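S.K.:
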Amino acid sequence: MNNHDERTLLEVNGLTKSYLDFQLRDVNIQVPAGTIMGFLGRNGAGKSTMMKAIMDLIKRDEGDIRVLGMSMPEEEVAVKEQVGYVGDTPLLNNAWTMERTLSFARHFYPNWDQEAVDRNLERFQVPFDKKISELSKGMKVKASLILAMAHQPKLLLLDEPTSGLDPVVRTEVLELLLDFVQDESRGVLFSSHITSDVEKIADWVTVINDGEILFSEDKESLLDRYRRIVIPGNGGGKAVETPLLFNCQSTMGGYVGYTDRFDRFQKVASGKWRSERLTLEELFVLLTGRKGE
Amino acid sequence: MKGYGTIYLARGCSDVLIHISQTSSTPMYEQVLSEIQRLIVMGHMKPDEMLPSIRELSKELMTSGITIRRAYQELERSGFIYTRKGKGSFVSTLSEEKLAKWKLDQVRVPLLESVVQAKKLNLEEEQFQDLIKHIWQETDEH
Chain A
755 MNNHDERTLL EVNGLTKSYL DFQLRDVNIQ VPAGTIMGFL GRNGAGKSTM
805 MKAIMDLIKR DEGDIRVLGM SMPEEEVAVK EQVGYVGDTP LLNNAWTMER
855 TLSFARHFYP NWDQEAVDRN LERFQVPFDK KISELSKGMK VKASLILAMA
905 HQPKLLLLDE PTSGLDPVVR TEVLELLLDF VQDESRGVLF SSHITSDVEK
955 IADWVTVIND GEILFSEDKE SLLDRYRRIV IPGNGGGKAV ETPLLFNCQS
1005 TMGGYVGYTD RFDRFQKVAS GKWRSERLTL EELFVLLTGR KGE
Chain B
331 MKGYGTIYLA RGCSDVLIHI SQTSSTPMYE QVLSEIQRLI VMGHMKPDEM
381 LPSIRELSKE LMTSGITIRR AYQELERSGF IYTRKGKGSF VSTLSEEKLA
431 KWKLDQVRVP LLESVVQAKK LNLEEEQFQD LIKHIWQETD EH
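Okay, here's the thing in structure tokens:
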């Protein structure tokens, strides 16, 4: 393998995992330092499976996983000191208070940052002495995040951290993630099916569909190269034939199609047309919804 | 509490703020770009004044860093700011012509739409100019 690039926090190469009815196929992603990657997929697309495979909570069939250049699972202990993971089922013990949870957990990590923990508890007003079972869903998520960040990891792996939360708590969580990457040396990979959360704060967008990565790309260039193209009137027949357009449809006022190479389309297109940018949500639905049905 | 998507760019100066909307159809980076251009052109940010870091602004505006980076790149390309490696981004000194041109460009696009609309509705050029005069005076009174 080549030397580890200091700027890459997480590298996943050729990750494969087969189940009877589902397959994670040849996953390749990289999370650079100082960035947030949003990992988008529909329910059941393979988001949690990939997250768990990275943490070696499920055994992969093939592939290479490196965190800060260290490989999983061979250097698991060292890797886990650098990673804060919050899975789809919180690992908090419902019968314990946050106080007890934290004083228990701190013994396992040499880099435990009690000051940051206190600051975050204060900021999010997470009750210290109530049992976890008595906390609201939002509080539980915040408590898990505080716990995951307490040992000063370089990388946060968060499985659907914002799903099921009200808009205020969701915003707080997103702010916490933006906070986390402030010093440019840390990074976040968070999965979600809430496209607006990803569109808001992610630098990189990775979309998984049916176990396969459709793309993993910086958000600005992604949203830049896709356009909805509207060709008014009935003179659009010719333009619609170009291989640069897909999902073309006749509408009352003309033709509508999509392009994923807008710069190219601009150069070759003639006649009357106009373009519209897509939101990440529109793009996501276009690429993962109802294909072939 | 800080307003959503609003940031006081120059500290201690309450009318210097960026306002962006997450729901606008204008791309985020363009909103950030034109807001900072506005602050520079209107003299709210002085030549050689340092801009916030990309990460700082990204956090304040609740926007991804890559969006802010893109806005800063465009600002640099269009000569509004300059960047010193390892130090940060600073406001450039702009010529009077450039300032005047930018201001006119801001009005040109919406005006163009209005002119096209006016022609579609068969209005006379004189009627259109009267309308502008009227609106100009009307808004003066407030």
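Residue numbers (my numbering), protein chains in the order written: chain A, 755 to 1047; chain B, 331 to 472.
Using N, Cα and C, we set each Cβ at its ideal position, and we do this for glycine too.
None of these values were measured; they are calculated from a predicted model.
1. Any beta carbon of chain A sitting closer than 8 Å to that of Pro440(B)?
2. Mind listing, in chain order, the continuous beta strand (DSSP E) runs of no fewer than 3 residues lying wholly within the stretch 916–970 of chain A?
3. Taking CB distances under 8 Å as the criterion, tell me whether Gln352(B) reaches chain A.
4. Grab me the residues of Asn865(A)'s own chain with a C-beta within less than 8 Å of its C-beta, minus the 5 sequence neighbours each way, in chain order.
5. Does Asp780(A) get closer than 8 Å to chain B when you measure Cβ to Cβ?
6. Counting only C-beta atoms, is Ala787(A) closer than 8 Å to chain B at any point?
7. Grouping DSSP H, G and I as helix and E and B as strand, with all else coil, what is Thr469(B)?
8. So that I know if they touch, is there some Cβ in chain B lying closer than 8 Å to that of Arg924(A)?
9. Identify the contact partners of Met392(B) in chain A, using a Cβ-Cβ distance below 8 Å as the criterion.
10. Would DSSP call Asp378(B) helix, strand or coil?
11. Need the endpoints of the alpha helix (DSSP H) that Asn767(A) sits in, please.
12. Alpha carbons only, please: which of Leu928(A), Arg820(A), Val781(A) is nearest the one belonging to Lys389(B)?
13. Quick check on this structure: which residue in Gly788(A), Arg981(A), Leu977(A) has the alpha carbon closest to the alpha carbon of Thr949(A)?
14. How long is the line joining the alpha carbons of Thr423(B) and Pro377(B), rounded to whole angstroms?
15. Find the residues of chain B that neighbour Asp920(A), judging by a C-beta separation of less than 8 Å, and give them in chain order.
16. If distances are taken between C-alpha atoms only, which option among Arg385(B), Met372(B), Arg399(B), Ile411(B) comes closest to Leu347(B)?
17. Along the alpha helix (DSSP H) that carries Val446(B), what are the first and last residues, could you check?
18. What residues of chain A sit near Tyr359(B), judged by a beta carbon separation below 8 Å?
19. So is Arg761(A) buried or exposed if we call it buried at 16+ other beta carbons inside 10 Å?
20. Alpha carbon to alpha carbon, how far is Val362(B) from Gly418(B)? Give it in angstroms, no decimals.
21. Arg1031(A) versus chain B: which residues are under 8 Å apart at the beta carbon?
22. Let's test the definition: count the other Cβ atoms within 10 Å of the Cβ of Lys806(A) and tell me whether it reaches 16, buried, or not, exposed.
23. Measuring CB to CB, does Ile955(A) end up less than 8 Å from Leu931(A)?
24. Specify, as a first and last residue, the run of the alpha helix (DSSP H) that Asp872(A) falls within.
25. Pick helix, strand or coil for Phe882(A), following the three-state DSSP scheme.
26. Check this for me: beta carbons of Asp972(A) and Ile790(A), under 8 Å apart or not?
27. Chain B beta carbons: is any one of them nearer than 8 Å to that of Gln936(A)?
28. So, with DSSP's three-state summary, where would you put Thr1042(A)?
29. Alpha carbons only, please: which of Ile812(A), Gln784(A), Thr1033(A) is nearest the one belonging to Gly941(A)?
30. Who pairs with Thr1005(A) in a beta bridge, going by DSSP?
31. Between Ile790(A) and chain B, is any beta-carbon pair separated by less than 8 Å?
32. Which value, in whole angstroms, describes the spacing of the CA atoms of Phe1016(A) and Glu360(B)?
33. Comparing C-alpha positions only, which one of Glu765(A), Leu846(A), Leu911(A) sits nearest to Met893(A)?
34. Would you give the residue range spanned by the alpha helix (DSSP H) that Met824(A) belongs to?
35. Met791(A) lies in the alpha helix (DSSP H); which residues open and close that run?
36. Are Ile370(B) and Phe410(B) touching if we call contact CB-CB under 8 Å?
M.R.: On the basis of the data shown:
1. no
2. 941–946, 958–963
3. yes
4. Glu835, His905, Gln906
5. no
6. no
7. helix
8. no
9. Thr925, Leu928, Glu929, Leu932, Lys954, Ile955
10. coil
11. Per DSSP, Asn767(A) belongs to no alpha helix (DSSP H); it is in the beta strand (DSSP E), 762–772.
12. Leu928(A)
13. Leu977(A)
14. 5 Å
15. What Asp920(A) touches in chain B: nothing, since even the nearest Cβ is about 15 Å away.
16. Met372(B)
17. 426–450
18. Glu974
19. exposed
20. 17 Å
21. Ser355, Pro357
22. buried
23. yes
24. 868–878
25. coil
26. no
27. yes
28. helix
29. Gln784(A)
30. Gly1008(A)
31. yes
32. 18 Å
33. Leu846(A)
34. Premise fails: Met824(A) lies in the beta strand (DSSP E), 824–826, not in any alpha helix (DSSP H).
35. Not the alpha helix (DSSP H): Met791(A) falls in the beta strand (DSSP E), residues 790–794.
36. yes
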